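Asker:
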Amino acid sequence: MSNWWFGCFRSGVERPVACVVSPPIILARSWWRWRDLKDLAFALRNLIFEGANFLFENSGLKEKPTMPDTLRPLGNFPPSLWGDRFSSFTLDTQLYMIMQLLKKYSKEVEVLKEEVKDMLVLDHDDVGDGGKSGAEKMVLIDALERLGVSYLFQKEIEELLENMFPKFEKYSHVFHDNLFMLSLHFRVFRQHGYDLSSETFERFTDSNGEFKETISNDVMGMLSLYEATFLKTHGEDILDKAFCFTKAGLESLKPHLSSNLAEQVTHALYQPLQRGIPRVEARHYISVYEKDASRNEKLLRLAKIDFNRVQMLHKEELCHISRWWKEWDLRSHIPHVRDRAMECFFYSTAVCFEPQHSLARLVLTKTMIMISVLDDTYDAYGTYEELKCFTNAVQRWDMNAIDQLPKYMKPIYKALLNVHDEFHLEMAKKEINYSVQYLEEAYKEIVLCYDVETEWLKKGYVQTMEEHLANALVSCTSPLLTTAAFVGMGEIATPEAFQWLQSQPRILMACSTIFRVINDIQSSKTEEGRDHVTTGVECYMKQHGVSKPEAVHELFKIIENAWIDINEGMMRPTMISRDLVIRILNFACLYGVVYKYNDGYTQSECTKDSIIALYEDSIPI
Numbered sequence: 001m002s003n004w005w006f007g008c009f010r011s012g013v014e015r016p017v018a019c020v021v022s023p024p025i026i027l028a029r030s031w032w033r034w035r036d037l038k039d040l041a042f043a044l045r046n047l048i049f050e051g052a053n054f055l056f057e058n059s060g061l062k063e064k065p066t067m068p069d070t071l072r073p074l075g076n077f078p079p080s081l082w083g084d085r086f087s088s089f090t091l092d093t094q095l096y097m098i099m100q101l102l103k104k105y106s107k108e109v110e111v112l113k114e115e116v117k118d119m120l121v122l123d124h125d126d127v128g129d130g131g132k133s134g135a136e137k138m139v140l141i142d143a144l145e146r147l148g149v150s151y152l153f154q155k156e157i158e159e160l161l162e163n164m165f166p167k168f169e170k171y172s173h174v175f176h177d178n179l180f181m182l183s184l185h186f187r188v189f190r191q192h193g194y195d196l197s198s199e200t201f202e203r204f205t206d207s208n209g210e211f212k213e214t215i216s217n218d219v220m221g222m223l224s225l226y227e228a229t230f231l232k233t234h235g236e237d238i239l240d241k242a243f244c245f246t247k248a249g250l251e252s253l254k255p256h257l258s259s260n261l262a263e264q265v266t267h268a269l270y271q272p273l274q275r276g277i278p279r280v281e282a283r284h285y286i287s288v289y290e291k292d293a294s295r296n297e298k299l300l301r302l303a304k305i306d307f308n309r310v311q312m313l314h315k316e317e318l319c320h321i322s323r324w325w326k327e328w329d330l331r332s333h334i335p336h337v338r339d340r341a342m343e344c345f346f347y348s349t350a351v352c353f354e355p356q357h358s359l360a361r362l363v364l365t366k367t368m369i370m371i372s373v374l375d376d377t378y379d380a381y382g383t384y385e386e387l388k389c390f391t392n393a394v395q396r397w398d399m400n401a402i403d404q405l406p407k408y409m410k411p412i413y414k415a416l417l418n419v420h421d422e423f424h425l426e427m428a429k430k431e432i433n434y435s436v437q438y439l440e441e442a443y444k445e446i447v448l449c450y451d452v453e454t455e456w457l458k459k460g461y462v463q464t465m466e467e468h469l470a471n472a473l474v475s476c477t478s479p480l481l482t483t484a485a486f487v488g489m490g491e492i493a494t495p496e497a498f499q500w501l502q503s504q505p506r507i508l509m510a511c512s513t514i515f516r517v518i519n520d521i522q523s524s525k526t527e528e529g530r531d532h533v534t535t536g537v538e539c540y541m542k543q544h545g546v547s548k549p550e551a552v553h554e555l556f557k558i559i560e561n562a563w564i565d566i567n568e569g570m571m572r573p574t575m576i577s578r579d580l581v582i583r584i585l586n587f588a589c590l591y592g593v594v595y596k597y598n599d600g601y602t603q604s605e606c607t608k609d610s611i612i613a614l615y616e617d618s619i620p621i
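Numbering (the UniProt record's numbering), first residue to last: 1 to 621.
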């Protein structure tokens, strides 16, 4: 018996087979093998739990004991900020008033839409001959996009840009020395996948290739060029120089600007447009545009009314999610998981806010909640043996597999399968019977990656960065969540689109890289003090023999390189519908914003103001 106990004890640290040696002697001889007291505590934890398992197997009891919470690697996550705050939007007493207001908003939006469409109409000869009309249209397109209403004019905008791009060289002489207008054209064309050459900015450089100081006082031009630099592709050194030049110039100009202009510059330096969350940026820009003396009142009113109209739809969806999460009552069984239903809905809105994508938001939100539960169970609660059982059950994807699971895992597994039954029913109504199976396959793949990390943790193995990323670009959840978004997008997500996702295209892997690496950087600040799989920061430090600040610096270079890969992946032609590909860009923007300074998912105070602005505070009209 003593030999068995010692085998369990050693397996907690070195994981060899049991040794037939006196425990006190070996303990004394091998104390130096433990790196610190945390390793010793880990060994003692396994000793206690394995002993309990041994007693259970020889006791005839029907239910296997679970490890006490005091011996688990608990995350100690902050509680939800919201409670029932968003669960009662559609009370019967409010419903009539809401429907009347929604009807009023929708009617006015339709009227304003037609008026704006007239503004977008372009005589093709105007572009080729005068150029002024083309420049005006580009300003209009940019305003519509920044105000968050371009989705209402998607067809008109695409037709306009398709006509303008081939003629750009012919009409751009009109604003040859206009840094603002040239940068605006570059940015908008590239945002829509048109590869306008960055050589167009050479007219603003001197014989040494440096930007001329004469443009440094052109605030709007500098700001426009700064925003354009975030659309760079690999090898565009001129845009690297432009970024450094404009960033330094805007920082020095900021104290001398008017309050409205200073606000725009400050916001751009903090959050570049190309890497922002579209709905959040639209809410911000509406307030900026309202102060602009050259604003178009019709555009402003359309933006305000449409924001409030879409907000009402989002509130109703949020109410559904809040009630669904509450009725699910999973936290009464598994209080170790983060309660972030509100944040998950916010994230789904970041990816696809448009009203026609309601199903995508609901599928994505529920998937985010589900994967958050799984992630916390693998990362911050489950034991090695429990997680092995759960991994096997997910591979079976069969409710009969629930019998092999510990008691606390059974409601998790049941919820996972039930949610997917719900998705199957929704898609069957739309006669799309192929999509959900791809999401199920993504779940199977991700838990296998979690299982690899569990093995690494058990062995105390520090991976190389190559090993880490090969596994973590899947376990970071980005491929799974993108699959979920595609499921909810309906028939434009064809079987070929899902197969393209499964092929791990470069743009998807770049998005995963941004999420994984920035998450590693921020998680390295919060996971100290409990057992956790090695982060990318620790992997890089060990592999390259550098300090933590040096490792973080190099990892940010990896992130920046991934952003460039995304820019290139957005260029025309794309393998699948751009309406799908843009969701990958939106995911990357979401990850970059939420994890900019810390783990914004766990520390949800970071997104509190944005959530209130998007779902609670309507815009005064």
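The beta carbon of each residue, even a glycine, is placed where N, CA and C say it ideally should be. Model, not experiment: these values are computed from the prediction.
Using DSSP with H/G/I as helix, E/B as strand and the rest coil, what is T205?
Answerer: The residue you call residue 205 lines up with position 205 of the sequence shown. Residue state, collapsed to three classes: strand.
Asker: Hey, S87 and C319: beta-carbon distance below 8 Å or not?
Answerer: Working through the sequence shown from its first residue, we reach residue 87 at position 87. Working through the sequence shown from its first residue, we reach residue 319 at position 319. Taking 8 Å as the Cβ cut-off, S87 and C319 qualify as a contacting pair.
Asker: Less than 8 Å between C-beta atoms, sequence neighbours within five positions excluded: which residues of the same chain meet that for K247?
Answerer: Translated into positions along the sequence shown, residue 247 becomes position 247. For K247, where only same-chain residues beyond five positions count, the Cβ hits under 8 Å are Y226, L269.
Asker: Buried or exposed, going by whether 16 or more other CB atoms sit within 10 Å of the CB of G209?
Answerer: To locate residue 209, count along the sequence shown from 1; it is residue 209. Exposed.
Asker: Using the C-alpha atoms, what's the distance from K107 back to A562?
Answerer: As a working mapping, residue 562 is identified with position 562 in the sequence shown. As a working mapping, residue 107 is identified with position 107 in the sequence shown. If you take the alpha carbons of A562 and K107, they lie about 43 Å apart.
Asker: Compare the Cα-Cα distances from S435 to each of S216, V116, A497 and report the closest residue.
Answerer: Mapped onto the sequence shown, residue 435 falls at position 435. Checked all of S216, V116, A497; the closest Cα to S435 is A497.
Asker: On a CA-only basis, which of T214, L273, N400, D306 is nearest G249? Give me that one, please.
Answerer: If you number the sequence shown from 1, residue 249 lands on position 249. Of the candidates T214, L273, N400, D306, the one whose C-alpha sits nearest the C-alpha of G249 is T214.
Asker: Would you call the CB atoms of D520 and L555 closer than 8 Å?
Answerer: Counted from its first residue, the sequence shown places residue 520 at position 520. Counted from its first residue, the sequence shown places residue 555 at position 555. A contact, by the Cβ cut-off of 8 Å.
Asker: Please list the terminal residues of the continuous alpha helix (DSSP H) segment that includes L473.
Answerer: For the purposes of this step, residue 473 is identified with residue 473 of the sequence shown, where counting begins at 1. L473 -> alpha helix (DSSP H) spans 465-475.
Asker: Rounding to the nearest angstrom, what Cα-Cα distance links F153 and A380 in this structure?
Answerer: Start at 1 with the first residue of the sequence shown, and residue 153 comes out as number 153. Start at 1 with the first residue of the sequence shown, and residue 380 comes out as number 380. Computed Cα separation, rounded: 46 Å.
Asker: Could you check where the alpha helix (DSSP H) with G148 kicks off and where it finishes?
Answerer: In the sequence shown, counting from the first residue as 1, residue 148 sits at position 148. Looking at the DSSP string, G148 is not in any alpha helix (DSSP H), and its letter there is neither H nor E.
Asker: For V109, I'd like the list of residues in its chain whose CB is within less than 8 Å of its CB, leaving aside the five on either flank, ordered along the chain.
Answerer: Numbered from its first residue, the sequence shown carries residue 109 at position 109. These residues qualify, in order along the chain: L152, L302, I305, D306, R309.
Asker: Taking CB distances under 8 Å as the criterion, tell me whether C319 reaches chain C.
Answerer: No chain C is part of this structure, which consists of one protein chain only.
Asker: Can you tell me the Cα-Cα spacing of I619 and V265, whole angstroms?
Answerer: By one-based count along the sequence shown, residue 619 stands at place 619. By one-based count along the sequence shown, residue 265 stands at place 265. Going by the C-alpha atoms only, they are around 23 Å apart.
Asker: Going by CA-CA distance only, name the one from L184, K113, P166, M368 that's closest to L273.
Answerer: For the purposes of this step, residue 273 is taken as residue 273 along the sequence shown, with counting starting at 1. Of the candidates L184, K113, P166, M368, the one whose C-alpha sits nearest the C-alpha of L273 is L184.
Asker: For D565, which option in F486, E236, F189, E115 has the closest C-alpha, if you only look at C-alpha atoms?
Answerer: Within the sequence shown, numbered from 1, the residue matching residue 565 stands at position 565. E236 is the residue among F486, E236, F189, E115 whose C-alpha sits nearest the C-alpha of D565.
Asker: Helix, strand or coil for F353, going by three-state DSSP, please let me know.
Answerer: Counting from 1 along the sequence shown, the entry for residue 353 is found at position 353. Here DSSP, grouped into helix, strand and coil, assigns F353 to coil.
Asker: Report the option in K232, K414, P355 whose CA atom is closest to the CA atom of S150.
Answerer: Within the sequence shown, residue 150 is the residue found at index 150, counting from 1. Checked all of K232, K414, P355; the closest Cα to S150 is P355.
Asker: Please report the residue range of the alpha helix (DSSP H) in which F165 lies.
Answerer: As a first step, residue 165 must be located in the sequence shown, where it is residue number 165. Neither: F165 is in no alpha helix (DSSP H) and is coded neither H nor E.
Asker: Report back the beta-carbon spacing between S198 and I238 to the nearest angstrom; my notes put them in contact at under 8 Å.
Answerer: Residue mapping note: residue 198 aligns to position 198 of the sequence shown, counting from 1. Residue mapping note: residue 238 aligns to position 238 of the sequence shown, counting from 1. Right, their Cβ atoms sit about 5 Å apart.
Asker: How far does the alpha helix (DSSP H) with H553 in it extend, from its first residue to its last?
Answerer: The residue you call residue 553 lines up with position 553 of the sequence shown. Boundaries of the alpha helix (DSSP H) harbouring H553: 548-569, taken from the DSSP string.
Asker: By Cβ distance below 7 Å, which residues in the same chain neighbour A135 in space, the five residues on each side in sequence not counted?
Answerer: In the sequence shown, residue 135 corresponds to position 135, counting from 1. Closer than 7 Å at the Cβ level, and outside the excluded window around A135, lie V174, F175, M181.
Asker: What distance in whole Å lies between the Cβ atoms of F211 and A262, which are believed to be in contact at a cut-off of 8 Å?
Answerer: As a first step, residue 262 is located in the sequence shown; it is residue number 262 there, counting from the start. As a first step, residue 211 is located in the sequence shown; it is residue number 211 there, counting from the start. Actually they are not in contact, since the Cβ atoms of A262 and F211 sit about 22 Å apart, beyond 8 Å.
Asker: Looking at C-beta atoms only, is the number of pairs between the region 460-478 and the region 487-495 that lie closer than 8 Å three or more?
Answerer: no
Asker: Roughly how many whole angstroms lie between the Cα atoms of E162 and I371?
Answerer: On the sequence shown, position 162 is the one that residue 162 refers to. On the sequence shown, position 371 is the one that residue 371 refers to. So the alpha carbons of these two residues sit roughly 40 Å apart.
Asker: Under 8 Å: do the region 341-359 and the region 461-470 share three or more Cβ pairs, one atom per stretch?
Answerer: no
Asker: I98 and M312 look like a contact to me (Cβ under 8 Å); what is the Cβ gap, rounded to whole Å?
Answerer: To locate residue 98, count along the sequence shown from 1; it is residue 98. To locate residue 312, count along the sequence shown from 1; it is residue 312. So it is a contact: roughly 6 Å between Cβ atoms.
Asker: With DSSP as the reference, label F211 as helix, strand or coil.
Answerer: Stepping through the sequence shown from its first residue, residue 211 is reached at position 211. Of the three classes helix, strand and coil, the one that applies to F211 here is strand, per DSSP.
Asker: Can you say whether R203 is buried or exposed, counting buried as having 16 or more other CB atoms within 10 angstroms of its CB?
Answerer: Indexing the sequence shown from 1 puts residue 203 at position 203. Under this definition R203 is an exposed residue.
Asker: For M409, count the other beta carbons within 10 Å of its own beta carbon; 16 or more makes it buried, fewer makes it exposed. Which is it?
Answerer: Within the sequence shown, the letter at position 409 stands for residue 409. M409 is buried by the Cβ-count criterion.
Asker: What do you get for Y597, buried or exposed, if any count of 16 or more other CB atoms within 10 angstroms of its CB means buried?
Answerer: Taking the first residue of the sequence shown as 1, we reach residue 597 at position 597. Label assigned to Y597: exposed.
Asker: Measuring CA to CA, which of L425, R323, D403, D451 is closest to L374?
Answerer: Locating residue 374 in the sequence shown gives position 374, counting from the first residue. Per the C-alpha coordinates, the member of L425, R323, D403, D451 positioned closest to L374 is D451.
Asker: Let's test the definition: count the other Cβ atoms within 10 Å of the Cβ of L61 and tell me whether it reaches 16, buried, or not, exposed.
Answerer: The residue given as residue 61 occupies position 61 in the sequence shown. With a pLDDT of only 49 at L61, under the threshold of 50, the placement of this residue in the model should not be trusted; the figure read from the coordinates follows. Exposed, because fewer than 16 other Cβ atoms sit within 10 Å of the Cβ of L61.
Asker: Hey, out of V111, F245, D195, F230, whose CA is closest to F216's CA?
Answerer: Position 216 of the sequence shown, counted from the first residue, corresponds to residue 216. The sequence given here has Ser at residue 216, not Phe. Selected option, being the one with the closest Cα: F245.
Asker: Would you mind giving the Cβ-Cβ distance between T513 and I582, rounded to the nearest angstrom? I have them listed as a contact below 8 Å.
Answerer: Along the sequence shown, one-based indexing puts residue 513 at 513. Along the sequence shown, one-based indexing puts residue 582 at 582. The pair is not a contact, with the Cβ atoms about 18 Å apart (cut-off 8 Å).
Asker: Whole angstroms is fine: what's the gap from E445's alpha carbon to R572's?
Answerer: Taking the first residue of the sequence shown as position 1, residue 445 is located at position 445. Taking the first residue of the sequence shown as position 1, residue 572 is located at position 572. C-alpha separation (whole angstroms): 30 Å.
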